[in-house]
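Novice: Handing you this structure, nothing more for now.
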Amino acid sequence: TDVTDVHAMKLGWDLQCVIDGVEHYVEVKSTEGAAHTFEITSNEVRQLGDRQSRYLVIFVSNMTADAHTVRVIRGLHDAVDRFVTKDYRVGPQVWKPFHDEENDEFTVPTSSNAD
């Protein structure tokens with residue numbers, strides 16, 4: 001099987017390979033401890049949805065220990081609706097309108113629904 005490392009290209013997966021004549025996309029995740037949770041980016045979720053059963057996650061837990069565990073997770077695209085959203089990204093288009101550069105202060109107006 002031919003495996004190509006593409007992680008530096010930021011495609012939403014780390015490796016590409018052909019399995020039984022079908023191209024697959026592999027994301028590698030790891031934890032140093034025995035945690036059973038890993039994080040994926042919004043781009044990885046998008047690619048998972050697009051590539052579905054051809055998108056695999058290799059999850060290595062307890063990576064730095066002698067007794068690490070390697071799991072190949074298939075079919076994760078069917079569980080996207082059960083992922084836990086953890087982080088929100090706030091870009092400059094959101095916060096810059098509230099920045100007074102002259103005084104280096106932020107003022108975010110409060111909203112009120114009271115009549």
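All letters in the sequence shown, in the order written, are residues 1 to 115 by full-length UniProt numbering.
Every residue, glycine too, gets a C-beta built ideally from N, C-alpha and C.
Would you kindly check if the distance between the Cβ of V57 and the Cβ of K29 is under 8 Å?
Specialist: The sequence position of residue 29 within the sequence shown is 29, counting from 1. The sequence position of residue 57 within the sequence shown is 57, counting from 1. Contact: yes.
Novice: If you scan the segment 31–75 from start to end, which runs of the beta strand (DSSP E) of 3 or more residues do you find wholly inside it?
Specialist: The segment 31–75 contains these whole beta strand (DSSP E) runs: 55–61 and 69–73.
Novice: Could you spell out where the alpha helix (DSSP H) holding L94 opens and where it closes?
Specialist: Looking up residue 94 in the sequence shown gives position 94. Reading off the sequence, residue 94 comes out as Val, not Leu. Counting along the chain, the alpha helix (DSSP H) containing V94 begins and ends at P92 to W95.
Novice: Excluding the 5 residues flanking N43 on each side, which residues of the same chain have their C-beta closer than 6 Å to its C-beta?
Specialist: Locating residue 43 in the sequence shown gives position 43, counting from the first residue. Hits under 6 Å: G12.
Novice: Quick one: what does DSSP say F83 is sitting in, helix, strand or coil?
Specialist: On the sequence shown, position 83 is the one that residue 83 refers to. DSSP places F83 in coil when its eight states are reduced to three.
Novice: Provide the residue span of the beta strand (DSSP E) that contains D5, from first to last.
Specialist: Here residue 5 refers to the residue found at position 5 when the sequence shown is read from its first residue. Taken as a continuous stretch (DSSP letters only), the beta strand (DSSP E) holding D5 covers V3 to D5.
Novice: Could you tell me the alpha carbon to alpha carbon distance between F38 and D100, rounded to whole angstroms?
Specialist: Counted from its first residue, the sequence shown places residue 38 at position 38. Counted from its first residue, the sequence shown places residue 100 at position 100. Near 38 Å, if we compare the C-alpha coordinates of D100 and F38.
Novice: Would you check if there are 3 or more beta carbon pairs closer than 8 Å linking the segment 71–80 to the segment 94–108?
Specialist: Counting Cβ pairs under 8 Å, fewer than three are found: no touch.
Novice: When you compare only the Cα positions, how much space is there between F83 and Q47?
Specialist: Within the sequence shown, residue 83 is the residue found at index 83, counting from 1. Within the sequence shown, residue 47 is the residue found at index 47, counting from 1. If you take the alpha carbons of F83 and Q47, they lie about 15 Å apart.
Novice: How long is the line joining the alpha carbons of T69 and V90, rounded to whole angstroms?
Specialist: Position 69 of the sequence shown holds residue 69. Position 90 of the sequence shown holds residue 90. Each residue's alpha carbon lies about 35 Å from the other.
Novice: Excluding the five sequence neighbours on either side, which residues of its own chain have a C-beta within less than 7 Å of the C-beta of A114, listed in chain order?
Specialist: Residue 114 sits at position 114 when you count from the first residue of the sequence shown. The predicted position of A114 is uncertain, since its pLDDT is 48 and thus under 50; no value can be drawn from it.
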